[in-house]
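Novice: Convert by adding 16 to the 1-based position in the sequence shown; the result is the number in this note's numbering. Below is the structure I would like to discuss, written out as structure tokens.
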Amino acid sequence: MRKKLKIIIPVIVILLLALPPRFSNLGYSNYYGDETKALYTDKYLTPIQFLLNQRKGPMQFIATWGMEKITGGYSEQFMRLPFAVAGLASTIFFYGAVSKMFNNKTGFIATLIYLSNGFFIAFSRTAQYQSMVHFFSFLALYLTLIGLQSASNSYNKKILGVFSLTLAGISAGLALLSHYDGIFIFIPIILVFATKLSKTKNISDKRNLTNNLLLFLFMAALIAAAFYIPYIIKGFFQENTLSYLQKRLNGINQLPNNSLYTFYVYNPFVFAYFLPVLGIITAAKSFLNRNVRASTHTYIILVWFLIPFILFEFIFSRPGTHILNYIIPLIIVSAIGLEKLSAIPNNKKQQSLLYALICSALAVGIFYISLIFTPSVNKKYPWEDTNIYGINLDKIDRDKSQLFLYGFPYNRAWDKIAEYLLGPLPVEKTRNFETNDNNTVAEFYLKPLTLFLEAPQYFIEVEDSQEMQNAKSVQTDIDDPFYYSKEYTIFTPEEKTINIYRRLQ
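Right under this line is the structure:
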């Protein structure tokens, strides 16, 4: 019973900490630009055409299409629900995977750091692929560790091992179908296999392990190939993805990338950095200490960190939020260090007390970062200077670096804008528009009106829009050949002003 409680209690605590920020008022925000691209709105395309005509795998599109079928619409809350569920589930399998690789204390500390990171809350509140990549990736790693643990025992456990590794391959394939970022989970999985093979002396066991690895890779390839083979053969990769990757690589016509600033915007409470950074320093000191032998799994985590770090910081010019791919293993490194720190006292009671203090401090960080993404608490950050429970947060510097923002509370009353422009007005009154907000978002909410970039009939001016640079403005000078007059004003729940201008000439 005590053993079961040791498993159940951490899981319950993790769920209680993870659930509120991921599900609280999930439908409050208007869609961010990329979210609308995940919706199957163009019914002139067949479902297969829609899925193939994308820059990435089909999982996020299937999820939103499924919710549309169930609910009969494109409600922000319901479209985001599968991603919130995936984000919640990913925390459990992250805990399970790290615990299997190291121990329960390291797993729990790592999960608390994971929960205190704003990136993972933001993407759980966004109808985008990230939370699905994390869910399927951590599930694949966890199942791999279960499978390898069982593979060399009794016949029944060997069957369980084969079954687990089959499911692990399917999960890894689904991670790839969620996004190309799913490839990074293959780093620790293949290294875990390689480590096990190098330590196995028995030829029969080596053969079984090799077969298990091939089984895993076959299942992952089978699942991924079902989509990517026609995607590549029919030219969709070259048409939709190649140019996008080139832009990410060279960063032409974009503000410079600053990964530290991106990280800071999603994690603005600097005091919460102390323990994770201390953990990284402690782990590094232990790793460099010749008298202390690091575990093989520690080396695996370091390789998992280094490959995406080099790729996104030295090869890609615009990694954006893809820095998550090296932050995840870095979180585990930090947890390794903090667990070692908690074990420094010789007395077991003191060790338990220090461990409890570390966990409590991390829980405080979770509480504060959760407030950032809770609409009932924060309706301003990162768009304007904000004070949350006595802590001042600076608004984003739009000219500092290229930023990709998702998941923050953002309501610019696009439903009310649509009510006005699509309401009981003469048909000839509403034909086309332009806005200083995201064009993709505007087109979604204002269908069937047409986006028109040259002297449109209506200009929608949104205060603190989600556009990062080159903000458009409206011409109200009467001497201008195309001048506009303010026709209607809307005030949002965030006390922002939306002005609708109409061209008079």
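Just so you know, even glycine gets a beta-carbon here, dropped at the ideal spot from N, CA and C. Given the structure is predicted, the values throughout are model-derived calculations rather than measurements.
Cα separation between I360 and Q367?
Specialist: Mapped onto the sequence shown, residue 360 falls at position 344. Mapped onto the sequence shown, residue 367 falls at position 351. Spanning the two alpha carbons is a distance of roughly 7 Å.
Novice: Which class does A45 belong to by DSSP, given the choice of helix, strand or coil?
Specialist: For the purposes of this step, residue 45 is taken as residue 29 along the sequence shown, with counting starting at 1. The amino acid at residue 45 is misidentified as Ala; the sequence shows Ser. Here S45 sits in coil by DSSP.
Novice: Alpha carbon to alpha carbon, how far is A458 from E355? Give it in angstroms, no decimals.
Specialist: For the purposes of this step, residue 355 is identified with residue 339 of the sequence shown, where counting begins at 1. For the purposes of this step, residue 458 is identified with residue 442 of the sequence shown, where counting begins at 1. Their backbone Cα atoms lie some 48 Å apart in a straight line.
Novice: Relative to the C-alpha of I249, which candidate in S40, N69 and T62 has its C-alpha closest?
Specialist: Indexing the sequence shown from 1 puts residue 249 at position 233. The candidate whose alpha carbon is nearest that of I249 is N69.
Novice: Can you tell me whether DSSP reads I506 as helix, strand or coil?
Specialist: Residue mapping note: residue 506 aligns to position 490 of the sequence shown, counting from 1. Reduced to three states, the DSSP call for I506 is strand.
Novice: Do the CB positions of S376 and P37 come within less than 8 Å of each other?
Specialist: Numbered from 1 along the sequence shown, position 360 holds the residue referred to as residue 376. Numbered from 1 along the sequence shown, position 21 holds the residue referred to as residue 37. Against a cut-off of 8 Å, the Cβ pair of P37 and S376 comes out as no contact.
Novice: Please name the residue, chosen from L294, K301, A105 and I404, that lies closest to L32 on a Cα-to-Cα basis.
Specialist: For the purposes of this step, residue 32 is taken as the residue at position 16 of the sequence shown. The shortest Cα separation from L32 among L294, K301, A105 and I404 belongs to A105.
Novice: Since G185 contacts F234 with CB under 8 Å, what's their CB separation in whole angstroms?
Specialist: Counting from one through the sequence shown, the residue named residue 185 turns up at place 169. Counting from one through the sequence shown, the residue named residue 234 turns up at place 218. The Cβ separation is near 7 Å, so the contact holds.
Novice: Pop quiz: F332 and R264 are said to be a contact at Cβ under 8 Å. What is the actual Cβ separation, rounded to whole angstroms?
Specialist: Reading the sequence shown from its first residue, position 316 is the one you call residue 332. Reading the sequence shown from its first residue, position 248 is the one you call residue 264. The pair is a contact, with the Cβ atoms about 5 Å apart (cut-off 8 Å).
Novice: Is it the case that the region 132-151 contacts the region 416-423, given that we only count it when at least three CB pairs across the two stretches are under 8 Å?
Specialist: Yes, they touch.
Novice: Between S392 and N41, how many whole angstroms is the CB-CB distance? I'm expecting something under 8 Å.
Specialist: Working through the sequence shown from its first residue, we reach residue 392 at position 376. Working through the sequence shown from its first residue, we reach residue 41 at position 25. Right, their Cβ atoms sit about 7 Å apart.
Novice: Smallest Cα separation from H195: which of T508, F243, T216 and G112?
Specialist: By one-based count along the sequence shown, residue 195 stands at place 179. It is F243.
Novice: Which term fits E435, buried or exposed, when burial requires 16 or more other beta carbons within 10 angstroms of its beta carbon?
Specialist: As a first step, residue 435 must be located in the sequence shown, where it is residue number 419. Its Cβ having fewer than 16 others within 10 Å, E435 is exposed.
Novice: So, are the CB atoms of N273 and S501 less than 8 Å apart?
Specialist: In the sequence shown, counting from the first residue as 1, residue 273 sits at position 257. In the sequence shown, counting from the first residue as 1, residue 501 sits at position 485. Not a contact, by the Cβ cut-off of 8 Å.
Novice: Which same chain residues end up closer than 8 Å to I78 when comparing Cβ atoms and leaving out the 5 residues on each side of it in sequence?
Specialist: Residue mapping note: residue 78 aligns to position 62 of the sequence shown, counting from 1. L67.
Novice: What does the Cβ neighbour count give for D453, buried or exposed, with the cut at 16 atoms within 10 Å?
Specialist: In the sequence shown, the residue the question calls residue 453 occupies position 437. Per the 10 Å Cβ criterion, buried.
Novice: Among residues of its own chain, excluding the 5 on either side of I404, which ones have a beta-carbon nearer than 8 Å to its beta-carbon?
Specialist: Numbered from 1 along the sequence shown, position 388 holds the residue referred to as residue 404. For I404, where only same-chain residues beyond five positions count, the Cβ hits under 8 Å are Y384, L387, I388, V393, N394 and Y397.
Novice: I need the straight-line Cα distance from F285 to A351, nearest angstrom please.
Specialist: Position 269 of the sequence shown holds residue 285. Position 335 of the sequence shown holds residue 351. Distance between the alpha carbons of F285 and A351 is about 19 Å.
Novice: Let me confirm a value: Q76 is counted as buried when at least 16 other C-beta atoms fall within 10 Å, else exposed. Which label applies?
Specialist: Along the sequence shown, one-based indexing puts residue 76 at 60. Label assigned to Q76: buried.
Novice: According to DSSP, simplified to helix, strand and coil, what is Y244?
Specialist: Taking the first residue of the sequence shown as 1, we reach residue 244 at position 228. Helix.
Novice: Does the region 314-323 come into contact with the region 337-345, if we say contact requires no fewer than three beta-carbon pairs (one atom in each stretch) closer than 8 Å?
Specialist: As far as the Cβ criterion goes, the region 314-323 touches the region 337-345, which means the pair count is three or higher.
Novice: Which two residues bound the contiguous beta strand (DSSP E) that contains V478?
Specialist: Stepping through the sequence shown from its first residue, residue 478 is reached at position 462. Per DSSP, V478 belongs to the beta strand (DSSP E) from Y474 to V478.
Novice: Which residues does DSSP list as the beta-bridge partners of T466?
Specialist: Along the sequence shown, read from residue 1 onward, the residue named residue 466 stands at position 450. In DSSP, T466 forms a bridge with N448.
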